[in-house]
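Asks: Read in the UniProt record's numbering, the sequence shown has 70 at position 70, and its numbers run on one by one without any break. Yeah, the Cβ is synthetic: ideal placement off N, Cα and C, and Gly gets one too. Every value quoted in this text rests on a predicted model; they were computed, and no experiment measured them.
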Amino acid sequence: SIADQASRQEQPVVEGFLNLLELQESRFTAPDVMALLENQAILRRFGLAAEDVVLMRSAILEAGIRWGLDQEQRCEQGLADAQQHTWDFGMDRLLLGYLTGQLDEPWQGIMPSSGTVSSMGSWLGGLTDFVRSLQELRRRMKTRHLPAQWAELLLGLLDDFLVEDGGEGNQDGVLILRRTIADFADHCRLAGFEQQLSLPIIRHWFETRLSEPAGGQSFLAGRVTFCNMVPMRSVPFKVIWLLGMNDLDYPRTQRTPAFDLMAQRPRLGDRSRRDDDRYLFLEALLSARAHLAISWVGRDQQDNSSLPPSVVVAELRDYINRGWAAEKKPDFEVKKEQPVADILTVEYPLQPFSRHCFSGNPKIASYASEWLPKPLSSPSCAFTFLQGPLLQPEPCQQVDLSRLVRFWNHPVRFFLEQRMGLRCRYAEEVLPEAEAFFP
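1. Pull up the DSSP beta-bridge partners for V239, would you.
2. Which two residues bound the contiguous alpha helix (DSSP H) that contains M141?
3. Unbroken alpha helix (DSSP H) runs of length 4 or more, entirely within the region 261-311: which are they?
4. Just checking Q24 against the ligand SAH - is the residue's beta carbon closer than 7 Å to any of the ligand's heavy atoms?
5. Please list the segments of the alpha helix (DSSP H) lying wholly inside the region 48-86, counting only runs of 4 or more residues, in order along the chain.
6. So, under 8 Å CB-CB, P339 and S287 are touching, yes? Tell me the CB distance rounded to an integer number of Å.
7. Within 8 Å, do at least three Cβ pairs link the region 290-307 to the region 240-247?
8. Three or more C-beta pairs under 8 Å: does that hold for the region 248-268 against the region 204-213?
9. Note the first and the last residue of the continuous alpha helix (DSSP H) segment covering E327.
10. With distances taken from CA atoms, which of F358, K363, I364 and P308 is nearest W371?
11. Buried or exposed, going by whether 16 or more other CB atoms sit within 10 Å of the CB of R66?
12. Thinking just about the alpha-carbon of each residue, which of D88, L61 and R189 is nearest to the one in L431?
13. Quick one: Cα of Y319 to Cα of E327, how far?
14. Using 8 Å as the threshold, is the C-beta distance between D88 and Q77 below it?
15. Report the option in D247, L285, D277 and A263 whose CA atom is closest to the CA atom of P308.
16. Note down, in chain order, each residue of its chain lying with its Cβ closer than 6 Å to the Cβ of L280, except the 5 sequence neighbours on either side.
17. Does A82 get closer than 8 Å to chain B when you measure Cβ to Cβ?
18. Quick check on V399: buried or exposed, where buried means 16 or more other Cβ atoms within 10 Å of its Cβ?
19. Using only the alpha-carbon positions, how far apart do F407 and L316 sit?
20. So, with DSSP's three-state summary, where would you put L197?
21. For I320, which of helix, strand or coil comes out of DSSP?
22. What does the alpha-carbon distance come out to for the pair Y98 and G121?
23. Is it a yes or a no for the region 144-157 touching the region 184-196, going by three-plus beta-carbon pairs under 8 Å?
24. Go ahead and pull the three-state DSSP assignment for H145.
25. In this structure, how does DSSP classify F353 when only helix, strand and coil are distinguished?
26. Just the C-alpha distance for H356 and D300, rounded to the nearest angstrom, thanks.
27. Measuring only the C-alpha atoms, how far is R93 from L124?
28. Of all the options L155, T143 and L190, which has the alpha carbon lying nearest to the alpha carbon of E25?
29. Closer than 8 Å by C-beta to L20: which residues in its own chain qualify, once you throw out the five before and the five after it? Chain order, please.
30. For residue 448, is the classification buried or exposed, using 16 other Cβ atoms within 10 angstroms of its Cβ as the cut-off for buried?
31. Between which residues of its own chain and A82 is the CB-CB distance below 6 Å, once the five residues before and five after are set aside?
32. Taking the alpha helix (DSSP H) that E15 falls in, what are its first and last residues?
33. Taking M34 as the reference, which of A63, M56 and A41 has the closest Cα?
34. Write down the C-beta distance between R44 and V163 rounded to the nearest angstrom, noting that I regard them as a contact closer than 8 Å.
35. How big is the Cα-Cα spacing for L422 and R413?
36. Taking the alpha helix (DSSP H) that L431 belongs to, which residues open and close that run?
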């Protein structure tokens, strides 16, 4: 079981709700809007499927959509009469291309998109409704409202963009959001607050509230429990693993606002996050009954240089070296004057596909067989990539510069495509958010 997760981490509906609020203060770039639309709850709300995302990305790229919902938002950015490359302009191109197909001349100043018309019928209507809903939501959220009006507006956001009947998980997420919106309205009413609020304040309150841990309902709910190190959890366990005990990560650094005068001038008796983490580490040591394992990143992934552990781990290693010495046994190899902490420390390879993970050493043995395919695991089994000679390539007297660059960038891909006739699937391209300027 995984405990101490925030609501936005457990519920896709909550994550989509917060992303909708965050998007209202952005430029509505093509990558940001598509990232929001890829949320499963929003996809189902507008009758779309995960398979439609790839088709929509290709069509959006073809339609030239870059940023901005419509001309009104562009004008607010100081760009007068700049409707091109907006979502409104791109959707008009897609709709016209679906109705008329390719045209030689623009129709009423709009050139239809030259995308695949046959594939648009399954997703074009849902995408159009989604963009129109975003335009209406932005129009309502760019002004200030009273707390009660904000609560009504946010409840309408749930009905317009998120689904309630899409499964048990969505129902739980929507219930959390409705309860949080009700709490916001109740807090303002009990405090007698009747002033108008802007969107940044609303978004900050909901992000803070929904990013808090959801409680200990998942603690000790399974055979293996993953949780944060928090006070009042000194429960005895047979095996305890402490992960991520890196030098810069633990004890944790507490970030305080600039206006917090108490943090700027601490006094004796004030609570310290670093002291709390030191005490939590001591509680973890006392709670381990049979085995205690501590893990940290010991090598830099750039230059393979050695990285120190957390200061509390370093102090524990020093204490072990001062208090104990290793005994020489026939089946236990100990180097001369080797510290005990070094004997107890196991250094794992940096990559999971390292040959040392499959060398038979039980301390670093890997059970992930996908990193060692069966044909390669046996030295006696030879692997032949090409079963026969390839046909002679066509004579080429001149080579384009772009062709030469593709070869040097990725020789293997160039060989597969040019000599074997394979089409390699490239990683999903990032949608551009800047307009194309021509001299």
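Replies: With the given structure in hand:
1. Here residue 239 is taken as the residue at index 239 of the sequence shown, counted from 1. V239 pairs with H291.
2. Sequence index remark: in the sequence shown, residue 141 carries index 141 (1-based). Where M141 is concerned, the enclosing alpha helix (DSSP H) starts and stops at L124 to M141.
3. The region 261-311 contains these whole alpha helix (DSSP H) runs: 261-264 and 273-287.
4. Inclusion of the ligand SAH in the displayed structure is not the case, the ligand content being empty and no account of it being possible.
5. With a minimum length of 4 residues, the continuous alpha helix (DSSP H) runs that stay inside the region 48-86 are 52-63 and 71-76.
6. One-based indexing of the sequence shown puts residue 339 at position 339. One-based indexing of the sequence shown puts residue 287 at position 287. Between S287 and P339 the Cβ distance is about 26 Å, and since that is not below 8 Å, they are no contact.
7. At 8 Å Cβ cutoff, the stretches touch.
8. Touching, no, given that fewer than three Cβ pairs across the two stretches are closer than 8 Å.
9. Looking up residue 327 in the sequence shown gives position 327. Element bounds for E327: n/a, residue is neither H nor E.
10. Within the sequence shown, the letter at position 371 stands for residue 371. Considering only alpha carbons, the answer is F358.
11. The sequence position of residue 66 within the sequence shown is 66, counting from 1. By the 10 Å Cβ count, R66 comes out buried.
12. If you number the sequence shown from 1, residue 431 lands on position 431. Of the candidates D88, L61 and R189, the residue whose Cα lies closest to the Cα of L431 is L61.
13. Translated into the one-based positions of the sequence shown, residue 319 becomes position 319. Translated into the one-based positions of the sequence shown, residue 327 becomes position 327. Here the alpha carbons of E327 and Y319 stand approximately 18 Å from one another.
14. Locating residue 88 in the sequence shown gives position 88, counting from the first residue. Locating residue 77 in the sequence shown gives position 77, counting from the first residue. No, the Cβ-Cβ distance between D88 and Q77 is not below 8 Å.
15. Walking along the sequence shown from the start, residue 308 turns up at place 308. The shortest C-alpha separation from P308 is found at D247.
16. One-based indexing of the sequence shown puts residue 280 at position 280. Around L280: M229.
17. No chain B appears in the structure shown, which is made up of a single protein chain.
18. As a working note, residue 399 is residue 399 in the sequence shown. So V399 counts as exposed.
19. What you label residue 407 is simply residue 407 of the sequence shown in a count that begins at 1. What you label residue 316 is simply residue 316 of the sequence shown in a count that begins at 1. The straight-line gap from Cα to Cα measures roughly 53 Å.
20. As a first step, residue 197 must be located in the sequence shown, where it is residue number 197. The answer is strand: DSSP assigns L197 an E or B state.
21. Along the sequence shown, read from residue 1 onward, the residue named residue 320 stands at position 320. Helix at I320.
22. What you label residue 98 is simply residue 98 of the sequence shown in a count that begins at 1. What you label residue 121 is simply residue 121 of the sequence shown in a count that begins at 1. The alpha-carbon separation between Y98 and G121 amounts to approximately 8 Å.
23. Result yes; three or more Cβ-Cβ pairs closer than 8 Å.
24. As a working mapping, residue 145 is identified with position 145 in the sequence shown. Assigned with DSSP and collapsed to three states, H145 falls in strand.
25. Here residue 353 corresponds to residue number 353 of the sequence shown, with the count starting at 1. In the three-state DSSP reduction, F353 falls in the coil class, being neither helix nor strand.
26. Counted from its first residue, the sequence shown places residue 356 at position 356. Counted from its first residue, the sequence shown places residue 300 at position 300. Pairing H356 with D300, the inter-Cα distance amounts to about 18 Å.
27. What you label residue 93 is simply residue 93 of the sequence shown in a count that begins at 1. What you label residue 124 is simply residue 124 of the sequence shown in a count that begins at 1. Cα to Cα, the separation comes out at about 11 Å.
28. Indexing the sequence shown from 1 puts residue 25 at position 25. The option with the nearest alpha carbon to E25 is T143.
29. For the purposes of this step, residue 20 is taken as residue 20 along the sequence shown, with counting starting at 1. When the five nearest sequence neighbours on each side are left out, the beta carbons in the same chain lying within less than 8 Å of the beta carbon of L20 are those of L36, L137, L157 and F161, in order along the chain.
30. With the chain covering 1 to 439 only, the question about residue 448 has no answer from this structure.
31. Residue 82 sits at position 82 when you count from the first residue of the sequence shown. So the qualifying residues of the chain are R74.
32. Mapped onto the sequence shown, residue 15 falls at position 15. Note, E15: alpha helix (DSSP H), P12 to L23.
33. Indexing the sequence shown from 1 puts residue 34 at position 34. The candidate whose alpha carbon is nearest that of M34 is M56.
34. As a position in the sequence shown, residue 44 is number 44, starting the count at 1. As a position in the sequence shown, residue 163 is number 163, starting the count at 1. Between V163 and R44 the Cβ distance is about 5 Å, and since that is below 8 Å, they are a contact.
35. By one-based count along the sequence shown, residue 422 stands at place 422. By one-based count along the sequence shown, residue 413 stands at place 413. The alpha-carbon atoms of L422 and R413 are separated by roughly 9 Å.
36. Here residue 431 refers to the residue found at position 431 when the sequence shown is read from its first residue. Here L431 belongs to no alpha helix (DSSP H), and DSSP marks it neither H nor E.
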